[in-house]
Amino acid sequence: MEGRPLEDEELLGLAIAGDVGAYERLVQRYLSLAFRVAFLITRSAADAEEAAQEAFVKAYYALRTFRRGSSFRPWLLAIVSNEARNRRRSDARRAALALRAAEDRPIGDAAPSSEETVLAEERRAALVKAMEGLREDDRMIIGYRYLLELSEEEIAAALGCPRGTVKSRLSRAMGRLRDVVAAAPGTQRTEVDL
Amino acid sequence: MNRRSGSGGDFFALEAALRDLSVHVEFPPTPAIADAVAARLRVASAPDRRRRPLWIQIQGRRTLAIAVVVLVILIGTLAAIPGTRTAIADLLGFEGVSIEVDGSRTPPALRFDRLDLGRAVTPAEARRLPAFRLRELASARLGTPEIYYAAFPEGGQVTFVYPASDDLPASEETGVGLLFTQFRADIIEDVVVQKNVSQGAVVEAVDVGGSQGYWVEGRHAFYGYTAEDDLDVIQEPRAAGNALLWQDGGMTFRIEGAITRSEALEFAASLR
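Chains as they are written, first to last, in our numbering: chain A, 189 to 382; chain B, 590 to 861.
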């Protein structure tokens, strides 16, 4: 999902000149994305909220270093991910990714058979479990790419890695996820086409 | 029944499964923090009604009153910072220092709470970690410090935090007796130390044991040390009390506390 570059540019210009109202509109626009990136890192809604808030405040003061004409999202996400990493607690307290209940289907979907539903839910739960078992870098890059649909540049900014390495990192992470999924019990059954 | 096997189809299947997952993952609801952010920033930019003219003393001579002055110290070569620089830098004679007039922003409100000094370290670590030889203050007035190390700016930064005592009153801004910070001046190209000198604060050039320094008297906003592309070290400005800043032997030193100019110079003279 791209922002509307022209409007962002205008808001940024006003914010850099000290217009807090304009910055507030920018915050509204990027709040959900910032919070979700932070949540993927902290796995605590409270910590993610705090990280996002601090990040937006710091970003405001750092606007003087933002290169006008370049993309705002990656720049912001680098700040957000820094704040989130600073607030990350031990793994033991990490909340798992929640899955929406089966009833929350998009309107208009033809109702699947109950067995398909069960299988699909099991598959998703297994995939979440497999992701949780990955090491952090792999988990993050897959989450950024597939759960948040970040661009290559945004992924690089959020991970703090060179942009040129994103594709290979993602590819290796996918390989490791595939291995985990393939090794998980019950995988054979869920891959079966009926 | 079809059983998929082999690695070829797996990545496509995995990608498809992940895309499907993304539709079903439920993130916690996005908190409504936009107005909290704006509120913090608005408090920070509210103009001070008690605005008084600001004087800069350059080599003892009072010069013009300026509403807001930003003291910008450029370590090494001059970084690309908008605004007038070089003409004034020569006047001050401090290598890489310039005073910049910035009327566009009112000074931010100042917070006292956190000092982002890095992590607490032992004296041995404080000698080992940075890319410079550690210097210490040897005054009898100073108690046992806590020592902090931060990896920025490049080469590292060490701060000694001296407790308040009968002999050394607590600073209103930091709550401690004295802060003494050092980092390398010569290897950093893009580090900018910004002090926004607020109403009533005075900046004065001083001689610190033969080296050029600056004495800032009065509460002012301290931005901390930022590198142009290094987002790790962005800090909200904090309130700083009286401070002495000087460069010597490729290092930048800073002393801050509820002290007078001559006390600051005495501490500086005790540098080992």
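All C-beta atoms in this analysis are idealised placements derived from N, C-alpha and C, irrespective of residue type, glycine included.
Residue from the options with nearest C-alpha to residue i
i: R631 of chain B; options: A:A203, A:A289, A:E341; result: A:A203
i: M840 of chain B; options: B:G744, B:S611, B:A625; result: B:G744
i: A602 of chain B; options: A:R312, A:K355, A:Y249, A:P262; result: A:R312
i: Y248 of chain A; options: A:E195, A:L214, A:L335; result: A:L214
i: D705 of chain B; options: B:A627, B:T763, B:V614; result: B:T763
i: E342 of chain A; options: A:V225, A:R275, A:L200; result: A:V225
i: T748 of chain B; options: B:T770, B:F616, B:R730; result: B:T770
i: G807 of chain B; options: B:E793, B:H613, B:G799; result: B:E793
i: L251 of chain A; options: A:G201, A:A372, A:M328; result: A:G201
i: G348 of chain A; options: A:A234, A:A361, A:S269; result: A:S269
i: V797 of chain B; options: B:Q836, B:A606, B:R773, B:R608; result: B:Q836
i: P719 of chain B; options: B:A729, B:S728, B:L731, B:I736; result: B:I736
i: S232 of chain A; options: B:A621, B:A627, B:V626, B:P617; result: B:P617
Exposure of residue i, with buried meaning 16 or more beta-carbon neighbours within 10 Å
i: A739 of chain B; result: buried
i: Q648 of chain B; result: Any reading at Q648 of chain B needs caution, since the residue's pLDDT is 31, under 50, leaving its predicted position unreliable; the model's value is listed next. Its Cβ having fewer than 16 others within 10 Å, Q648 of chain B is exposed.
i: R323 of chain A; result: exposed
i: A623 of chain B; result: buried
i: R843 of chain B; result: buried
i: P734 of chain B; result: buried
i: R282 of chain A; result: exposed
i: S258 of chain A; result: exposed
i: S760 of chain B; result: buried
i: E242 of chain A; result: buried
Listed by chain order, chain B residues near residue i by CB distance under 7 Å
i: F260 of chain A; result: Near F260 of chain A there are no residues of chain B at all, since even the closest Cβ is about 13 Å away, more than 7 Å.
i: I229 of chain A; result: Residues of chain B passing the Cβ test: none, with the nearest at roughly 13 Å.
i: E268 of chain A; result: Looking at the sequence itself, residue 268 of chain A is Val, so the reference to Glu does not match. Per Cβ cutoff of 7 Å: no residues; V268 of chain A is ~10 Å from chain B at best.
Under 8 Å between C-beta atoms of residue i and residue j
i: V354 of chain A; j: G321 of chain A; result: no
i: A272 of chain A; j: I229 of chain A; result: yes
i: L726 of chain B; j: R716 of chain B; result: no
i: A240 of chain A; j: F223 of chain A; result: yes
i: R275 of chain A; j: E303 of chain A; result: no
i: L607 of chain B; j: Y332 of chain A; result: no
i: A847 of chain B; j: P758 of chain B; result: yes
i: L365 of chain A; j: A318 of chain A; result: yes
i: L219 of chain A; j: T711 of chain B; result: no
Residues bridged to residue i (per DSSP)
i: M840 of chain B; result: B:R773, B:D837
i: R708 of chain B; result: B:Y738
i: G802 of chain B; result: B:V795, B:W835
i: Q746 of chain B; result: B:A739, B:F772
i: G846 of chain B; result: B:L767
i: L610 of chain B; result: The partner list for L610 of chain B (beta bridge, DSSP) is empty, contrary to what the question assumes.
i: Y751 of chain B; result: B:L767
Beta-carbon neighbours of residue i, restricted to chain B and to distances below 9 Å
i: L335 of chain A; result: L607, L610, S611, V614, F616
i: L285 of chain A; result: L610, V614, E615, F616
i: I330 of chain A; result: L607
i: A233 of chain A; result: F616, P617, P618, P620
Under 8 Å by beta carbon: chain A residues contacting residue i
i: A627 of chain B; result: V208, G209, Y211, E212, V215
i: R716 of chain B; result: Correct list: empty, because the minimum Cβ distance to chain A is about 26 Å.
i: R631 of chain B; result: V208
Contact set between residue i and chain A, taken where Cβ atoms lie within less than 7 Å
i: A623 of chain B; result: E212, V215, Q216, L219
i: D599 of chain B; result: R366
i: L768 of chain B; result: Residues of chain A passing the Cβ test: none, with the nearest at roughly 21 Å.
Proximity test, residue i beta-carbon vs the ligand ADP heavy atom, cut-off 7 Å
i: V208 of chain A; result: Among the components modelled here there is no ligand, and therefore nothing to report on the ligand ADP.
Interface residues of chain B facing residue i [CB-CB closer than 8 Å]
i: E237 of chain A; result: P620, I622
Proximal residues, the stretch 237–251 of chain A versus chain C, C-beta separation under 7 Å = In the displayed structure, chain C is absent; the protein chains listed are A and B.
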